[in-house]
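Numbering (the numbering used here), first residue to last: 160 to 404.
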Amino acid sequence: MREVNGKLVAQSAALMGPGKRDSLRASIVRMFRLGDDLSPFYARIAEDELIGWAARGAGRILASPSVFEDVIKTICTTNCAWSATVRMTRALTELAEGAFPEPEILAAAPDSWYRDNARMGYRGPYVKTIARAVAQGRLDLESLLDAQQYGDDDVERQLLALPGIGPYGAAHVMQLLGRHRRLILDSWTRPKYRRLARKRQAADSTIRRAFARYGAYAGLAFWLYLTRDWLDDELTFDKRAGGCP
DNA sequence: CGTCCAGGTCTAC
DNA sequence: GGTAGACCTGGACGC
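What follows is the structure, given as structure tokens:
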């Protein structure tokens, strides 16, 4: 993938038929969340001293081609170091020649594979249970992409019902679904917030209140506030940002 | 070599 | 509804 004259161009070494081309296009649209219209958010933060810089086009969080993949990867981020997350997801891709495995593949992998090869510990059964439900058609995670069909509370309820997905996981997946209200609160974001906001301590409820003014985009505003230092200065040259909310 | 804990969640009170 | 305790793994740290 590369940018050509302001357009995203995807090129494959193999010849692709129309069907393959359409599915690749769908994956890219989903990955870059090209269907999301962030203009209401940009309008809201245009004069914002904390995250006004983001109105130049930030906030399009990279997602996986499928919701299933995002859910499984999110489980691989819980209660472990980032290096373990990388190790586990890499192991998963070894089941599908480097690509993320379809639910059917993960449903068919034996328990011993999860334990001895992926070394996912107690997460293995969670992943397999979800994969089996999707493969058998009892669970349709991709439908959560439909903004019209479900409200935030609905989606959150469905995500929390999944084994291995709690408040953190649900908020994380919802960001990737383009539902930006929930704040991702975990052992990385909490201290990072306290450091940036120069607060000795801040309860979750206090943090939520601090970002409540961003309404449906509170979670995205929180994330941008925390990750501003991931961007080059060039992109965030507006030094008005810097205080605490 | 033992303890702690990292981008939490589940179960049992 | 809120809260201890357990939970796989492996890297960091103290002794």
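Each residue gets a CB set at the ideal place from its N, CA and C atoms; glycine is no exception.
These numbers come from a predicted model, not from an experiment.
Pick helix, strand or coil for residue 166, following the three-state DSSP scheme. Taking the first residue of the first sequence as 1, we reach residue 166 at position 7. If DSSP states are grouped into helix, strand and coil, residue 166 belongs with the strands.
My output table needs one value for residue 175: the three-state DSSP class, helix, strand or coil. If you number the first sequence from 1, residue 175 lands on position 16. Correct three-state label for residue 175: coil.
Take every Cβ of the region 316–329, pair it with every Cβ of the region 350–361, and state whether three or more of those distances are shorter than 8 Å. No, the region 316–329 is not in contact with the region 350–361.
Indicate the three-state DSSP secondary structure (helix, strand or coil) for residue 161 in the structure shown. Here residue 161 is taken as the residue at index 2 of the first sequence, counted from 1. Reduced to three states, the DSSP call for residue 161 is strand.
Segments of 4+ residues assigned as alpha helix (DSSP H) that fall wholly inside the region 220–267: Counting only runs of 4 or more, we get 226–234, 241–252 and 262–267.
Taking 8 Å as the threshold (C-beta atoms), are residue 235 and residue 248 in contact? Taking the first residue of the first sequence as 1, we reach residue 248 at position 89. Taking the first residue of the first sequence as 1, we reach residue 235 at position 76. Taking 8 Å as the Cβ cut-off, residue 248 and residue 235 qualify as a contacting pair.
Using the Cα positions of residue 258 and residue 222, report the straight-line distance between them to the nearest angstrom. Numbered from 1 along the first sequence, position 99 holds the residue referred to as residue 258. Numbered from 1 along the first sequence, position 63 holds the residue referred to as residue 222. So the alpha carbons of these two residues sit roughly 15 Å apart.
Neighbourhood of residue 397 by C-beta, 8 Å cutoff - its chain only, sequence neighbours within 5 removed: As a working note, residue 397 is residue 238 in the first sequence. For residue 397, the predicted structure reports a pLDDT of 49, less than 50, and the residue's modelled location is therefore unreliable. The matter cannot be settled from this model.
Integer-rounded CB distance, given that residue 337 should sit under 8 Å from residue 192: Position 33 of the first sequence, counting from 1, holds the residue named residue 192. Position 178 of the first sequence, counting from 1, holds the residue named residue 337. Contact between residue 192 and residue 337 holds: CB atoms are separated by about 6 Å, below the 8 Å threshold.
Where the alpha helix (DSSP H) containing residue 319 begins and where it ends: Indexing the first sequence from 1 puts residue 319 at position 160. Element bounds for residue 319: 311–319.
With contact counted as at least three CB pairs below 8 Å, one residue from each stretch, are the region 370–388 and the region 334–348 in contact? Verdict: yes, contact present.
Within 10 angstroms of its Cβ, does residue 218 collect 16 or more other Cβ (buried), or is it exposed? By 1-based counting over the first sequence, the position of residue 218 is 59. Buried, since its Cβ has 16 or more Cβ neighbours within 10 Å.
To the nearest angstrom, how far is the alpha carbon of residue 185 from that of residue 224? For the purposes of this step, residue 185 is identified with residue 26 of the first sequence, where counting begins at 1. For the purposes of this step, residue 224 is identified with residue 65 of the first sequence, where counting begins at 1. Roughly 8 Å between the two C-alpha positions.
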